[in-house]
Amino acid sequence: MYISTRALELLRTGSGNPAATFRDGQEDAIRHIVEGRSRLLVVQKTGWGKSFVYFIATKLLREAGSGPALLISPLLALMRNQIEAAQRMGLRAATINSNNVNDWSNVEAQLARNEIDILLISPERLANERFRTQVLSGIAARIGLLVVDEAHCISDWGHDFRPHYRLLERIIQSLPANLRLLATTATANNRVMDDLTATLGPNLAISRGDLNRASLSLQTIRLPSQAERLAWLAEQVAALPGHGIIYALTVRDANLVADWLKSRGLNVEAYTGETGPRREELEQALLTNQVKALVATTALGMGFDKPDLAFVIHYQMPGSVVAYYQQVGRAGRALDSAYGVLLSGEEETAITNWFIRTAFPTRAEVAMVLEAIRSSQHGLSVPEILGRVNLSQGRVTKTIDLLALESPAPIAQDGSKWQLTAADLSEAFWQRAERLTTLRRAEQRQMADYVKLPFGQHMAFLVQALDGDVSAVRPPTLPALPATVNPALAQAAVAFLRRTSLPIEPRKLWPAYGLPQFQVKGRIAPEHQAQPGKALCVWGDAGWGGLVRQGKYQQHRFADDLVAACANMVAQWQPQPAPTWVTCVPSLRHPDLVPDFAQRLATALGLPFHVVLAKTDHRPEQKAMANSTQQARNVDGSLALCVHRLPRRGPVLLVDDMVGSRWTLTVCAWLLRSSGSGEVWPLALSLAGQEEDPT
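For the sequence shown, this note's numbering gives the first residue as 457, with consecutive numbering after it.
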């Protein structure tokens, strides 16, 4: 009786609702944990209140004298929500994560004094040796409850979202059989349930509820072009009541959508993995209705809790039903009705294909990294590996991370260096990679089927895909939103996409080992640096990017429209001191392409054009060089002045078609400045497309 009475009291305190009552299954789950019957997996829909279960259970256990609870949580936004919720219930909650390093010693001291009731960590903390030896080992014997939030990430399903969840499998298997353990998730189909049962133990009790979300009115609208979707958002978001989230697949698109909606007078902000210290401020702004919407990547995903969120709109189709159900489930938790609208466009397949293709390293990448480490007696740091292999930093880091998570692992870290162990990489690694890649492709096809559904059939599709019961699904409570686009807004969106310009930041340091052929290293003297430059677009993007690609590879001449656009960009840019002449980056592969464009741009700007730089020998294309070290070496010694002295000494506009690593522009600027030119202002038609990482 005491458990029931006290649990209800805590629910009402934590929710701020003196009349609150438990939802079906909540009190049973709390009692199951507190009484220590067995390990428990709770599978309940978003908004059901899984956090109340573990916070109330923790409070009851602490009041009974148990040790602190340890909560594994995947996202900082989710942790902040959870800490606030725990504190409302009178729990002393703290976190150790990469963003609060200055607080670690204080938190550790509080733990040692038993002054913390629940500690929240990310799964990556479990891979941190300092945390394991100085924090976890000190409280391991006292942990009263282990909570694994978003437990589907333990399953293979969650591999490419947070691979460090795999460490939990080993930790859980080493724990005492009688340790209280609660795992929670909203998205577990039968296959994932089987994975979790195998990982969490044979005596796993399961509490599984109805996945139907009656308050959500779901809809899909196919609008292939980004301009059409931007126009739709500008019109519909302004008209929708309440506040919401707009999801995009990439950081670039989140920023693009936010900038567009701001230009149409809407109060929105972008929220991505690059938002940095403003994340908490923006979360609070949405929670308190200070913004109409956040335009977010998955950085604002699982567990973000705004009960009165009125809409979730997707700018592009996510890669899986699991991802979509998690994200759209942010809406309508405490509302009778809310919208979940998925806009589908032509670029989404390429983006999700990239995520699938890069989830695992290839056999060749693994071989290159292992061979590089093997070649050094004392091991290699990641920067040293990058100097020996033609792989991007992202690919090297991905390879290192996944190899280190294997058991037994073929590599181990010693300080900053990685060394080989006696273990070989198991063939099971590749079997898992193949199995998951096949699964991701199936998920992608499933979402493509979802997009094609007529209005009214979407919720049943999601519930069935998650192996839930569809018998309770009812028709949407809200009418479908218009699927058409205002032509004038679409034209305005096209103009918006074409008026953006992007910064080219100058390099200020030569690469770590210098450029031996040019005999330079260390800092680049300010008087030899390029100035901040401008690029018209991103290669292949929805603005000018397609026309740039067409000009380079199909027409072999850049269109006059691109000349006019760049001239307009320079007029708006107004670099000071203003360029007095124009030159260009040379190429042996396309000797006339950039000079022709630069000549026409110079004419449009009313400036003289001079060819003063030459490519001295054939090198692989820079796009074939996968990291900055390799790109710098590829440029070393390959450029020179082709005139005895510069025809002009004033500031110069340095033109190229594409910029990626910036090493070519850096060397060209150094050559020009060293020979007496004025300031060098780089201008490129496009930034290299981010095939290596679209986010």
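Think of the CB as a built atom: it goes at the ideal place given N, C-alpha and C, for glycine as much as any other residue.
So, residue i versus residue j, is the Cβ gap smaller than 8 Å?
i: Ala-928; j: Asn-556; result: no
i: Ser-1117; j: Gln-1087; result: yes
i: Leu-398; j: Pro-1047; result: The structure shown does not extend to residue 398, since the chain is modelled only from 457 to 1151, so the question has no answer here.
i: Asp-1092; j: Gln-973; result: yes
i: Trp-1137; j: Pro-1035; result: yes
i: Pro-935; j: Gly-912; result: no
i: Val-1108; j: Val-1038; result: yes
i: Ala-1021; j: Arg-979; result: no
i: Thr-893; j: Ile-812; result: yes
i: Pro-967; j: Ser-872; result: no
i: Ile-807; j: Gln-782; result: no
i: Leu-1102; j: Ser-1133; result: yes
i: Ala-683; j: Ala-946; result: yes
i: Leu-672; j: Ala-794; result: yes
i: Arg-1013; j: Asp-1052; result: yes
In whole angstroms, what is the alpha-carbon distance linking residue i and residue j?
i: Ala-766; j: Asp-792; result: 10 Å
i: Leu-467; j: Ala-878; result: 53 Å
i: Asp-484; j: Asn-584; result: 35 Å
i: Ala-475; j: Arg-462; result: 14 Å
i: Arg-844; j: Thr-853; result: 14 Å
i: Ile-512; j: Met-545; result: 8 Å
i: Gly-721; j: Phe-952; result: 14 Å
i: Leu-689; j: Ala-1058; result: 39 Å
i: Glu-840; j: Val-1004; result: 36 Å
i: Leu-799; j: Val-1099; result: 55 Å
i: Thr-855; j: Glu-827; result: 13 Å
i: Ile-867; j: Ala-815; result: 19 Å
i: Leu-705; j: Val-751; result: 10 Å
i: Ile-1140; j: Val-941; result: Note on residue identity: the sequence assigns Ala, not Ile, to residue 1140. Answer to the nearest angstrom: the Cα atoms are 33 Å apart.
i: Asp-923; j: Asn-570; result: 42 Å
i: Gly-481; j: Val-499; result: 10 Å
i: Arg-976; j: Ala-639; result: Looking at the sequence shown, residue 976 is not Arg but Val. So the two alpha carbons sit approximately 56 Å from each other.
i: His-984; j: Phe-1065; result: 21 Å
i: Leu-1044; j: Lys-1071; result: 7 Å
i: Val-747; j: Ala-714; result: 12 Å
i: Ser-460; j: Gly-594; result: 33 Å
Is the CB of residue i under 8 Å away from at least one CB in chain C?
i: Pro-988; result: Absent from the structure: chain C. Only one protein chain is present.
State the beta-bridge partners of residue i as determined by DSSP.
i: Phe-767; result: Gly-700, Tyr-795
i: Val-1108; result: Trp-1037, Val-1136
i: Asp-870; result: Lys-873
i: Ser-611; result: Looking at the DSSP assignment, Ser-611 forms no beta bridge with any residue, so it has no partner.
i: Ser-832; result: Paired residue(s): none; Ser-832 is not in a bridge.
i: Ser-663; result: Val-498
i: Gly-989; result: Ile-960
i: Arg-678; result: Ser-800
i: Leu-575; result: Leu-526, Ala-550
i: Thr-640; result: Val-498
Quick one, which of the options has its alpha-carbon nearest residue i's?
i: Glu-883; options: Pro-938, Ala-868, Val-919, Val-822; result: Val-822
i: Ala-860; options: Thr-589, Gln-875, Asn-846; result: Gln-875
i: Glu-802; options: Pro-524, Gln-500, Ala-998, Arg-1005; result: Ala-998
i: Leu-712; options: Ile-701, Gly-721, Leu-686; result: Leu-686
i: Pro-938; options: Ala-695, Arg-830, Gln-900, Pro-817; result: Ala-695
i: Ala-661; options: Leu-602, Pro-967, Leu-496, Pro-697; result: Leu-496
i: Glu-1135; options: Gly-989, Pro-1064, Gln-1078, Leu-1063; result: Gly-989
i: Asn-537; options: Lys-762, Thr-1085, Arg-487; result: Lys-762
i: Glu-961; options: Val-604, Ala-986, Asp-1073; result: Ala-986
i: Ala-1143; options: Arg-1129, Gly-729, Gln-1078; result: Reading off the sequence, residue 1143 comes out as Leu, not Ala. Closest option to Leu-1143, Cα to Cα, is Gln-1078.
i: Ile-628; options: Val-825, Leu-582, Phe-811, Met-649; result: Leu-582
i: Arg-789; options: Leu-1121, Ala-670, Leu-1095; result: Ala-670
i: Trp-886; options: Leu-858, Ile-867, Ala-904; result: Leu-858
i: Thr-589; options: Gly-1002, Glu-564, Arg-897; result: Glu-564
i: Gly-600; options: Asn-745, Tyr-795, Leu-631; result: Leu-631
i: His-770; options: Ile-701, Gln-746, Gln-833; result: Ile-701
i: Arg-896; options: Ala-944, Asp-923, Leu-918, Thr-805; result: Thr-805
i: Arg-1075; options: Asn-1090, His-1066, Pro-1064, Phe-1065; result: Asn-1090
i: Pro-982; options: His-620, Arg-830, Arg-1129; result: Arg-1129
i: Gly-970; options: Tyr-906, Trp-1119, Leu-516; result: Trp-1119
i: Ala-520; options: Ser-507, Ser-494, Ile-489, Ala-542; result: Ile-489
i: Val-777; options: Ala-991, His-608, Ala-1080; result: His-608
i: Val-1111; options: Ile-486, Ala-991, Val-707, Asp-880; result: Ala-991
Answer yes or no: the CB of residue i versus the heavy atoms of the ligand ATP, is any distance below 7 Å?
i: Leu-464; result: Annotation note on the ligand ATP: not contained in the displayed structure, which lists no ligands.
Three or more beta-carbon pairs under 8 Å between the region 626 to 644 and the region 466 to 476, yes or no? no
Are the region 515 to 533 and the region 545 to 556 in contact at 8 Å, needing three or more beta carbon pairs? yes
Is there contact here, the region 487 to 503 with the region 726 to 738, by at least three beta-carbon pairs under 8 Å? no
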